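From first to last, the protein sequence lines stand for chains P and U. Numbers 47 to 476, taken from the numbering used here, label the letters of the first sequence in order. Numbers 47 to 476, taken from the numbering used here, label the letters of the second sequence in order. From the three backbone atoms N, C-alpha and C, an ideal C-beta is built for every residue, glycine too. Note that this is a predicted model, so its numbers are computed, not measured. Below is one structure, written out as structure tokens; the observations come after it.
Number of protein chains: 2
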Amino acid sequence: MALIVQKYGGTSVGSLARIRRVAEKVMAAKREGHDIVVVVSAMSGDTDRLVDLAYGITAEPNPREYSMLVSTGEQVSMALLAMCLIGQGCPAVSLTGGQAGIVTDSLYHKARILKIDNGPIQDLLAKGNIVIVAGFQGMDAEGQITTLGRGGSDTTAVALAAMLEADECQIYTDVDGVYTADPRVVPEARRLPRITFEEMLEMAGVGAKVLHKRAVEIAGKLKAPLRVLSSFEDGPGTLITFEERSMDKPVEQPIVSGIAFNRNEAKLTIMNVPDRPGIAAAILSPIGKANIDVDMIVQNISVEGGTDFTFTVHREEYDKAHSILSAIAKEIGATEVRGNQKIAKISLVGVGMRTNSGVAQKMFTILGEEGINIQLISTSEIKVSVVIDEKYMELGVRALHAGFGLGVELKEEFDPSLEQVVSKKIANFD
Amino acid sequence: MALIVQKYGGTSVGSLARIRRVAEKVMAAKREGHDIVVVVSAMSGDTDRLVDLAYGITAEPNPREYSMLVSTGEQVSMALLAMCLIGQGCPAVSLTGGQAGIVTDSLYHKARILKIDNGPIQDLLAKGNIVIVAGFQGMDAEGQITTLGRGGSDTTAVALAAMLEADECQIYTDVDGVYTADPRVVPEARRLPRITFEEMLEMAGVGAKVLHKRAVEIAGKLKAPLRVLSSFEDGPGTLITFEERSMDKPVEQPIVSGIAFNRNEAKLTIMNVPDRPGIAAAILSPIGKANIDVDMIVQNISVEGGTDFTFTVHREEYDKAHSILSAIAKEIGATEVRGNQKIAKISLVGVGMRTNSGVAQKMFTILGEEGINIQLISTSEIKVSVVIDEKYMELGVRALHAGFGLGVELKEEFDPSLEQVVSKKIANFD
Numbered sequence: 047m048a049l050i051v052q053k054y055g056g057t058s059v060g061s062l063a064r065i066r067r068v069a070e071k072v073m074a075a076k077r078e079g080h081d082i083v084v085v086v087s088a089m090s091g092d093t094d095r096l097v098d099l100a101y102g103i104t105a106e107p108n109p110r111e112y113s114m115l116v117s118t119g120e121q122v123s124m125a126l127l128a129m130c131l132i133g134q135g136c137p138a139v140s141l142t143g144g145q146a147g148i149v150t151d152s153l154y155h156k157a158r159i160l161k162i163d164n165g166p167i168q169d170l171l172a173k174g175n176i177v178i179v180a181g182f183q184g185m186d187a188e189g190q191i192t193t194l195g196r197g198g199s200d201t202t203a204v205a206l207a208a209m210l211e212a213d214e215c216q217i218y219t220d221v222d223g224v225y226t227a228d229p230r231v232v233p234e235a236r237r238l239p240r241i242t243f244e245e246m247l248e249m250a251g252v253g254a255k256v257l258h259k260r261a262v263e264i265a266g267k268l269k270a271p272l273r274v275l276s277s278f279e280d281g282p283g284t285l286i287t288f289e290e291r292s293m294d295k296p297v298e299q300p301i302v303s304g305i306a307f308n309r310n311e312a313k314l315t316i317m318n319v320p321d322r323p324g325i326a327a328a329i330l331s332p333i334g335k336a337n338i339d340v341d342m343i344v345q346n347i348s349v350e351g352g353t354d355f356t357f358t359v360h361r362e363e364y365d366k367a368h369s370i371l372s373a374i375a376k377e378i379g380a381t382e383v384r385g386n387q388k389i390a391k392i393s394l395v396g397v398g399m400r401t402n403s404g405v406a407q408k409m410f411t412i413l414g415e416e417g418i419n420i421q422l423i424s425t426s427e428i429k430v431s432v433v434i435d436e437k438y439m440e441l442g443v444r445a446l447h448a449g450f451g452l453g454v455e456l457k458e459e460f461d462p463s464l465e466q467v468v469s470k471k472i473a474n475f476d
Numbered sequence: 047m048a049l050i051v052q053k054y055g056g057t058s059v060g061s062l063a064r065i066r067r068v069a070e071k072v073m074a075a076k077r078e079g080h081d082i083v084v085v086v087s088a089m090s091g092d093t094d095r096l097v098d099l100a101y102g103i104t105a106e107p108n109p110r111e112y113s114m115l116v117s118t119g120e121q122v123s124m125a126l127l128a129m130c131l132i133g134q135g136c137p138a139v140s141l142t143g144g145q146a147g148i149v150t151d152s153l154y155h156k157a158r159i160l161k162i163d164n165g166p167i168q169d170l171l172a173k174g175n176i177v178i179v180a181g182f183q184g185m186d187a188e189g190q191i192t193t194l195g196r197g198g199s200d201t202t203a204v205a206l207a208a209m210l211e212a213d214e215c216q217i218y219t220d221v222d223g224v225y226t227a228d229p230r231v232v233p234e235a236r237r238l239p240r241i242t243f244e245e246m247l248e249m250a251g252v253g254a255k256v257l258h259k260r261a262v263e264i265a266g267k268l269k270a271p272l273r274v275l276s277s278f279e280d281g282p283g284t285l286i287t288f289e290e291r292s293m294d295k296p297v298e299q300p301i302v303s304g305i306a307f308n309r310n311e312a313k314l315t316i317m318n319v320p321d322r323p324g325i326a327a328a329i330l331s332p333i334g335k336a337n338i339d340v341d342m343i344v345q346n347i348s349v350e351g352g353t354d355f356t357f358t359v360h361r362e363e364y365d366k367a368h369s370i371l372s373a374i375a376k377e378i379g380a381t382e383v384r385g386n387q388k389i390a391k392i393s394l395v396g397v398g399m400r401t402n403s404g405v406a407q408k409m410f411t412i413l414g415e416e417g418i419n420i421q422l423i424s425t426s427e428i429k430v431s432v433v434i435d436e437k438y439m440e441l442g443v444r445a446l447h448a449g450f451g452l453g454v455e456l457k458e459e460f461d462p463s464l465e466q467v468v469s470k471k472i473a474n475f476d
């Protein structure tokens, strides 16, 4: 008997018919003898409806009341799933984030989980219940309802799986796994049967919408075994593994596992910053204090002895970041703040990059051949990211997907295991 | 400075524009220097939407999960109102039933308030906040979300007003007060500037939809001063008073204050019950245990030595009551259970009946002249109720309204006070 945490996203519970299908899946796992904890998102469209109501009534919704409002979405879907299960004779109990013992800080609509009291869930499991937990929400120490931010249901599931020491955390979604690139943009993209935690983290961090980045971070930190599956089709999905691939079989290592991209970011540059120690901290501290997440950071030496300092933020926070930066610019004697919201970021991700130089160079060559100008570059051990004009995003992604051979058709021989499929694909271009 | 509890029903918060209007009313009262506690219902249509979801997923929704589901309706409207107020610079905090300290029993979707911990609301008021409380819900001792049943937002408001010792509990609704009869059925019906608590209780109990019966009961028990007003028009509404009108001015006492009527009930008769002590309890105990409220109870001696026992229940509970009664019939040796769902109840209400016999007789005469057969009669000191075929309901109500002179045009002289208007109207037919 295993303990399995299953998470169903908004599309998976998007209608009563779909909730019934989720109930079938949950009961099937229960019949196999497992203990099941289910984390649900709001029915698709419901969160948007609530967000529209909030911004319809006021331009800047109060964060506490915003959490109070949007947390109702999950409360609806979880109660419906519980009713559906109970109606079919399967004991089930739904719990709000607070009832499930999920304690967060008080940052309301961007709250972070501080701890989880396993007691309530374990008691209900011991009595034979399927326990359904509202994703995306918790309660602070004062008993106030908080929300983890959009996409936070993944975080709830992973944190619960880790705290309950679940055997697997299954993320059911509207895609059947992690792909080499978003199939809506790259039709020849292929599902990856496995991906390492580090790769998944980079993919999620740069816009792959399958898993929320924070969820992957927590899964990695707490070693929660994670699998991404489709709620609409049967299949093994993509397993997020913690093992590095063996170093003595370099042929099995893909150079690039996948390509992620997004238009969610905006670029800000503060020009002619006096080049002295501590200046980066002076610029970024007020941004951090305003709870704005900074992604790429690039600093160039400018010819006049000062320096230009560039970073990207989520596009929704561009205006806020711009006004903070303008104030900083005056304080520190910088000449100007420039911004650009019409950017896209494309990232190549793969553990193979560690042992294979030349990936970045090949990437720049491919983009150059398409006449795409690169505005910013940022690299890590297993990722190369570039910022380009947003209008070239699809063109660039498709060129890179083809250039790195990610869409190459596999010639399958004698019942290959999933692992073998991966090796063969890599062998094709390595 | 007074403490005022204001309750806004679903229609009053039925859209963002209407929530803005409610915010204006609340701020106006706050500007007058009062402390304000606001109780809100769900946006109109929202509860029906949630109930449809529940019955769409399963025929018999689990009561705990049902409360979990439908309690979200108020959580949405209260958060929106709080956001709207805060957005206009007016400090406000919304509280779920549980957060507001409303402790109920564990009867989930039909829960009763056991106690209210004033602390959370008083602390927030002391800090200058407008406190917005979700109507219709509470939390049991185990921390489970419960709901008070439909219409329960009135109950929340009245209970809070009593516990906080509010100076007035204002029930804002889509009508501008309590009428002599429902104006949709009787166009010449008139608003009553005052009505006694006992009359209001009888009116609410027999279908006047202005106030929930339980709310009136609690208001009466706890002496909470109550006023019914329109959220759409300015006006004094109807004050529910605790004073009896003076006995030495009988001319000022109306015989009949109002007529209430409904089609919400169904009639059940258990035939040829053995006529022995304790038989009524044997019949009604299982009904009560199933949480079915019984309204009218009539017992007749039947010719064969047995007795017929008739009572009415809410039409929604007819099937449940019928099956319980059929089992009882077998047990106690009764011959048959008969039922009729196509009934209507009409009630005349007025404290004047205490000192004026002949009201019932006049009522029967008027109905008889219209050819309407009376199936059941039940009387109290200040009420006469009859059950008739539902198809004659409107006809009967209009005939009674005219027959008792409730629609008589008033000749107003020299700036009459509300009280004078009442006396003159009565004088016209007494």
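What number of angstroms, rounded off, separates the C-alpha of residue i from the C-alpha of residue j?
i	j	result
residue 400/U	residue 431/U	15 Å
residue 288/U	residue 427/U	17 Å
residue 281/P	residue 249/P	22 Å
residue 317/P	residue 355/P	7 Å
residue 262/U	residue 273/U	11 Å
residue 382/U	residue 419/U	23 Å
residue 226/U	residue 86/P	50 Å
residue 204/U	residue 126/U	22 Å
residue 457/U	residue 98/P	In this predicted model, residue 457/U has a pLDDT of only 36, less than 50, meaning its place in the structure is not dependable enough to derive any value.
residue 56/U	residue 198/U	12 Å
residue 75/U	residue 429/P	60 Å
residue 172/P	residue 229/P	42 Å
residue 327/U	residue 374/U	11 Å
residue 408/U	residue 221/U	30 Å
residue 152/U	residue 334/U	17 Å
residue 342/P	residue 424/P	7 Å
residue 264/U	residue 186/U	19 Å
Are residue i and residue j closer than 8 Å when you measure CB to CB?
i	j	result
residue 69/P	residue 134/P	yes
residue 178/U	residue 139/U	yes
residue 338/P	residue 376/P	no
residue 321/P	residue 358/P	no
residue 217/P	residue 184/P	no
residue 212/P	residue 270/P	yes
residue 379/U	residue 368/U	no
So residue i packs on residue j, CB below 8 Å; how close in whole Å?
i	j	result
residue 96/U	residue 83/U	In fact, because the Cβ distance is near 25 Å, the residues do not count as touching under 8 Å.
residue 143/U	residue 180/U	5 Å
residue 193/U	residue 157/U	6 Å
residue 113/P	residue 154/P	5 Å
residue 136/P	residue 47/P	Rounded, the Cβ-Cβ distance is 16 Å, inconsistent with contact.
residue 312/U	residue 240/U	The pair is not a contact, with the Cβ atoms about 34 Å apart (cut-off 8 Å).
residue 390/P	residue 450/P	That pair is no contact at about 18 Å.
Among all the DSSP beta bridges, which residues are the ones paired with residue i?
i	result
residue 285/U	240/U and 273/U
residue 49/U	81/U
residue 392/P	307/P and 432/P
residue 319/P	353/P
residue 192/P	184/P
Consult DSSP for residue i and reduce its assignment to one of helix, strand or coil.
i	result
residue 150/P	strand
residue 450/P	coil
residue 382/U	strand
residue 226/U	coil
residue 184/U	strand
residue 104/U	coil
residue 292/U	At residue 292/U the pLDDT is 43, less than 50, meaning the model places this residue with poor confidence and gives no usable figure here.
residue 358/P	strand
residue 455/U	In this predicted model, residue 455/U has a pLDDT of only 47, less than 50, meaning its place in the structure is not dependable; the value taken from the coordinates is given anyway. In the structure shown, residue 455/U sits in coil (DSSP, three-state: anything other than H, G, I, E or B).
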